[in-house]
Amino acid sequence: MDDQNKNLILATVLSFLVILGWFVAGPMLFPQWFPEPTTEATAPAATDLVPPTAADATAVATTEVASTEPLPESPRLTIETPKLSGSISMLGGRLDMLSLKTYRETIEPDSPIVQLLSPVGQEFPYYAVFGWAPGGGLTGDDVPGAKSEWKIASGGTLAPGQPVTLHWENGKGLNFTRTITVDEDFMFTVTDAVENTGTTEARLAPYGIVARHGLPKMQNIYVVHEGMISRNDGKLEELKYSKFASMTVDEKEGGPALITESTTDGWIGFTDHYWMTTLIPEQGKPFKSVAKYVPNANIYQVEVRQPAVTVAPGGKAESSTRLFAGAKEWETISSYQNEPSFLSGLFGATVNPALEPIPGFVDSIDWGWFYFLTKPIFLVLHWLHGLIGNMGLAIIGLTFILKVLVLPLAYKSYASMARMKELQPEIEALKERAGEDKQKLQKEMMQLYKEKKVNPAAGCLPVFIQIPIFFSLYKVIFVTIELRQAPFFGWIRDLSAPDTSSLFNLFGLMPWDAPAPHTLLATIFIGVLPILLGITMWLQQKLNPAPADPVQQQIFAWMPWVFMFMLGGFASGLVIYWITNNTITFTQQYLIMWSHGKRPDVFGNMRSPNKAVPKAANLGTKPKK
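The opening residue of the sequence shown carries number 88 in the numbering used here; numbering runs sequentially from there.
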């Protein structure tokens, strides 16, 4: 077997092993094929929200413990923005009803909009609360709690440019006000103030909490982080829901907890596949971020605890916390990070000097291990989409750009393969002279390669480059919300989902439905895109005649069609990329081989698929005219 075919087989086997490993990891990567039971909130004993206490001068020692029992009916304050709708419960002043107006559950036009936050009493309660922790001689009754009913001091519907102010008094000289603003995207700002009209000083500490009751419905996919995400003084930390219960038990917290102190910057929240709810304290000031699990109530909780303050008689204290609650849109999150960057500025991010930057906020998007590839790939894809207006065409354009960038290496690889063909007669002669002496053969072959300046391993280089690019693009397509429900043309209405066409109903010509996605029938009766993928891989093979060895012939004969079925369940956007990549690679390799006087006889190789490669190097190619 000649070295070119050895390299080609090695490259093919490497690709096959990568895809096979990914396919075998189906329970992690494609949970819809292997559904896992989800844990729902268990009903704990009925408890009211217990206010925290300011135990020392720097932090809150204990936090609210929520109940799964519905709160009493209370007045609500309406939220209405271009992207959000919902309401705030005046009982406790908690933000617990929020929907994302620009996103729907499915691609169907009548599908319900995505609900992000929900109150206690609904399935999977998820909400944010803010307040003051009592310290010194204060008790829970002296600060607003879960059953404290706030009054509207000013404002009506909460909307961009229309803040609302709430008011509550404890009857002992402490007057609390809460001013809430919201922008046109997904950011709330909650400013809590306390005024002491009494005769004794008051000690208390501001806090913010985001709580989830029970394990939420998750994707359970290895490439997507779901759970807590935080940044503390430049360090990003992630914690899956499954790890909450295994945190170190803190007696003061009443259960497992992870407490991190920050001195300059940071934030903490819960991140889902496409959505996120995050607390952002005032940057440049110390605070504590807390992740905790309440076992008896099955509640996951993240908190921001800011330093305690002492308010003298006649004095006033104020604290501000931002709450991001919405979609992880790159442009939106970049605007909140608000830091100048060459790449971000080049591809559309802007800096607003009026906004307080949130350091590292873009890293709330799960870029993965190959972030050094994933980020640039996404930025180029995002830029192309802005120019073209179609994400599928943007993926095709991205493929061309990537192929241009690796063209020098690809040219070197293909040129080396062509040179290996030219050396084949000399290699065959070496084999005849060496006979059974393998050591002598290897030594003389290495000497021949050195003299002719040929690298026999160069043919594998494009594959080694292709693998990390493939992983990075898969990450971009699957993780970023910009690809969610992004249409292409015709029947392809969601590039982040598999091709919905099917051989089962002759691609819609027959009067019955295609098999449900991610079923065995859907895997067998593949769609148009996987078939095109198999054809392009098969054509790429036909640039060279079949190897002489019958086993190798069978491997090459089956490989395109095996890949076709294995990749049929992948996202349409990824399959489009692979089809485009195969087409460009075929064209590149054809032209490079032709430029070296070895024009591939593609049609001849198609007509004689089992014709073996002879010792002469020119069979299967046409001489250059």
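Note that CB positions come from ideal geometry on N, CA and C, so glycine has one too.
- Option in Met-504, Gln-553, Ile-564 with minimal Cα separation from Tyr-536: Position 449 of the sequence shown, counted from the start, is the residue given in the question as residue 536. Met-504 is the residue among Met-504, Gln-553, Ile-564 whose C-alpha sits nearest the C-alpha of Tyr-536.
- Task: Could you have a look at Gln-393 and say whether DSSP puts it in helix, strand or coil?
- Result: Numbered from its first residue, the sequence shown carries residue 393 at position 306. Coil.
- Who are the near neighbours of Leu-187 in its chain, counting only those whose CB is closer than 7 Å to its CB and skipping five residues on each side? Along the sequence shown, one-based indexing puts residue 187 at 100. In its chain, beyond the 5 residues on either side, Lys-170, Leu-171, Ile-200, Val-201, Leu-203, Gly-413, Ala-414 have a beta carbon closer than 7 Å to the beta carbon of Leu-187.
- Between the Cα of Leu-661 and the Cα atoms of Val-566, Leu-608, Phe-457, Ala-603, which residue gives the shortest distance? As a working note, residue 661 is residue 574 in the sequence shown. Nearest of Val-566, Leu-608, Phe-457, Ala-603 to Leu-661, Cα basis: Val-566.
- CB-CB length for Leu-654 against Leu-620, believed under 8 Å: Here the question's residue 654 lines up with position 567 in the sequence shown. Here the question's residue 620 lines up with position 533 in the sequence shown. At roughly 6 Å, the Cβ-Cβ gap stays under 8 Å, so Leu-654 and Leu-620 are in contact.
- Query: Taking the beta strand (DSSP E) that Gln-275 falls in, what are its first and last residues?
  - Reply: For the purposes of this step, residue 275 is taken as residue 188 along the sequence shown, with counting starting at 1. According to the sequence shown, residue 275 is Phe rather than Gln. Per DSSP, Phe-275 belongs to the beta strand (DSSP E) from 274–283.
- Item | Other residues of its chain near Ile-666: CB distance less than 8 Å, five sequence neighbours each side excluded | Here residue 666 refers to the residue found at position 579 of the sequence shown. Answer for Ile-666: Leu-616, Leu-619, Leu-620, Thr-623, listed in chain order.
- Start-to-end residues for the beta strand (DSSP E) that takes in Glu-324: Indexing the sequence shown from 1 puts residue 324 at position 237. From DSSP, the beta strand (DSSP E) with Glu-324 extends over 322–327.
- Task: Mind reading off the beta-carbon distance from Asn-283 to Val-398? Whole number of angstroms is fine, and I expect it under 8 Å.
- Result: As a position in the sequence shown, residue 283 is number 196, starting the count at 1. As a position in the sequence shown, residue 398 is number 311, starting the count at 1. Yes, Asn-283 and Val-398 are in contact; Cβ-Cβ is about 4 Å, under 8 Å.
- Distance, Phe-657 Cα to Leu-345 Cα: By one-based count along the sequence shown, residue 345 stands at place 258. By one-based count along the sequence shown, residue 657 stands at place 570. Just so you know, the alpha carbons of Leu-345 and Phe-657 end up roughly 37 Å apart.
- Query: When the Cα atoms are used, what is the spatial distance from Phe-395 to Glu-236?
  - Reply: Working through the sequence shown from its first residue, we reach residue 395 at position 308. Working through the sequence shown from its first residue, we reach residue 236 at position 149. According to the sequence provided, residue 395 is Ala. The question's Phe does not apply to it. If you take the alpha carbons of Ala-395 and Glu-236, they lie about 24 Å apart.
- Within the region 157–241, ranges of the alpha helix (DSSP H) (whole runs, at least 4 residues): No alpha helix (DSSP H) of 4 residues or more sits fully in the region 157–241.
- Contact check, Leu-630 vs Met-680 under 8 Å by CB: the rounded distance? Within the sequence shown, residue 630 is the residue found at index 543, counting from 1. Within the sequence shown, residue 680 is the residue found at index 593, counting from 1. With a Cβ gap of about 7 Å, Leu-630 and Met-680 count as contacting.
- Could you tell me which residues DSSP puts in a beta bridge with Leu-714? Because the chain here runs from 88 to 712, residue 714 falls outside it and cannot be looked at.
- Leaving out the 5 sequence neighbours to the left and right, which residues in its chain are closer than 6 Å to Glu-313 when beta-carbon positions are compared? Locating residue 313 in the sequence shown gives position 226, where the first residue counts as 1. Leaving aside the five residues that flank Glu-313 on each side, the residues in its chain whose CB is nearer than 6 Å to its CB run, in chain order, Met-305, Asp-359.
- Query: Over what stretch of residues does the alpha helix (DSSP H) that includes Leu-608 continue unbroken?
  - Reply: Reading the sequence shown from its first residue, position 521 is the one you call residue 608. Under the DSSP assignment, Leu-608 falls in the alpha helix (DSSP H) whose first and last residues are 607–611.
- Identify whether Pro-463 lies in helix, strand or coil by the three-state DSSP scheme. Position 376 of the sequence shown, counted from the first residue, corresponds to residue 463. Pro-463 falls in the helix class under three-state DSSP.
- Message: I need the boundaries of the alpha helix (DSSP H) containing Tyr-380, first residue and last residue.
- Response: As a first step, residue 380 is located in the sequence shown; it is residue number 293 there, counting from the start. Counting along the chain, Tyr-380 sits inside no alpha helix (DSSP H); it lies in the beta strand (DSSP E) bounded by residues 374–381.
- Message: Which residue wins for smallest C-alpha separation from Thr-286, given the options Lys-518, Glu-338, Trp-219, Gly-402?
- Response: Residue 286 sits at position 199 when you count from the first residue of the sequence shown. Among Lys-518, Glu-338, Trp-219, Gly-402, the Cα nearest to that of Thr-286 is on Gly-402.
- Task: Under the assumption that Val-563 contacts Phe-465 (Cβ atoms under 8 Å), give the Cβ distance between them as a whole number of angstroms.
- Result: Numbered from 1 along the sequence shown, position 476 holds the residue referred to as residue 563. Numbered from 1 along the sequence shown, position 378 holds the residue referred to as residue 465. Phe-465 and Val-563 do touch by the CB rule: their CB atoms are close to 5 Å apart, below 8 Å.
- Anyone know if the C-beta pair for Phe-411 and Thr-364 falls short of 8 Å? Numbered from 1 along the sequence shown, position 324 holds the residue referred to as residue 411. Numbered from 1 along the sequence shown, position 277 holds the residue referred to as residue 364. Result yes, Cβ atoms of Phe-411 and Thr-364 sit closer than 8 Å.
- Alpha-carbon to alpha-carbon, Arg-409 and Val-216: For this step, residue 216 is matched to residue 129 along the sequence shown. For this step, residue 409 is matched to residue 322 along the sequence shown. A direct Cα-Cα distance of roughly 12 Å separates Val-216 from Arg-409.
- Message: Mapping the DSSP letters down to three states, classify His-360 as helix, strand or coil.
- Response: The sequence position of residue 360 within the sequence shown is 273, counting from 1. Note: His-360 maps to coil in three-state DSSP.
- Who are the Cβ neighbours of Leu-323 in its own chain at under 7 Å, not counting the five residues just before and after it? Here residue 323 refers to the residue found at position 236 when the sequence shown is read from its first residue. Excluding sequence neighbours, Leu-323 sits near Gly-447, Asp-450.
- What did DSSP end up calling Asp-688 once you bin it into helix, strand or coil? Residue 688 sits at position 601 when you count from the first residue of the sequence shown. Residue state, collapsed to three classes: coil.
- Message: DSSP has Leu-345 in a bridge; who is on the other side?
- Response: In the sequence shown, counting from the first residue as 1, residue 345 sits at position 258. DSSP lists Ala-378 as the bridge partner or partners of Leu-345.
- Would you tell me roughly how many angstroms separate the C-alpha atoms of Leu-302 and Pro-343, rounded to the nearest one? Taking the first residue of the sequence shown as 1, we reach residue 302 at position 215. Taking the first residue of the sequence shown as 1, we reach residue 343 at position 256. Rounded to the nearest angstrom, the two C-alpha atoms are 16 Å apart.
- Item | alpha helix (DSSP H) runs contained entirely in the region 507–593, provided each spans 4 or more residues | Those alpha helix (DSSP H) runs which fall completely within the region 507–593 and span 4+ residues are 511–521, 525–539, 548–566.
- Excluding the five sequence neighbours on either side, which residues of its own chain have a C-beta within less than 8 Å of the C-beta of Thr-486, listed in chain order? As a first step, residue 486 is located in the sequence shown; it is residue number 399 there, counting from the start. Taken in chain order, the residues that qualify are Tyr-664, Thr-667, Asn-668, Ile-671.
- Item | Check whether Ala-378 and Val-391 have beta carbons under 8 Å apart | Start at 1 with the first residue of the sequence shown, and residue 378 comes out as number 291. Start at 1 with the first residue of the sequence shown, and residue 391 comes out as number 304. The Cβ atoms of Ala-378 and Val-391 do not sit closer than 8 Å to each other.
- Query: Out of Tyr-380, Trp-362, His-469, which has the shortest C-alpha to C-alpha gap to Val-336?
  - Reply: As a working note, residue 336 is residue 249 in the sequence shown. Tyr-380 is the residue among Tyr-380, Trp-362, His-469 whose C-alpha sits nearest the C-alpha of Val-336.
- Three-state class that DSSP yields for Lys-339 in the structure shown: Looking up residue 339 in the sequence shown gives position 252. Coil at Lys-339, not helix or strand.
- Task: Output the distance between the C-alpha atoms of Arg-520 and Lys-527, rounded to the nearest integer angstrom.
- Result: As a working mapping, residue 520 is identified with position 433 in the sequence shown. As a working mapping, residue 527 is identified with position 440 in the sequence shown. Across the structure, Arg-520 and Lys-527 are spaced so that their CA atoms are roughly 9 Å apart.
- Since Gly-484 is in the beta strand (DSSP E), which residue starts that stretch and which ends it? Here residue 484 refers to the residue found at position 397 when the sequence shown is read from its first residue. Counting along the chain, Gly-484 falls outside any beta strand (DSSP E), though it belongs to the alpha helix (DSSP H) covering 478–492.
- Report the partner residues of Met-315 according to the DSSP bridge assignment. Counting from one through the sequence shown, the residue named residue 315 turns up at place 228. Answer is Leu-326, Phe-357, bridged to Met-315.
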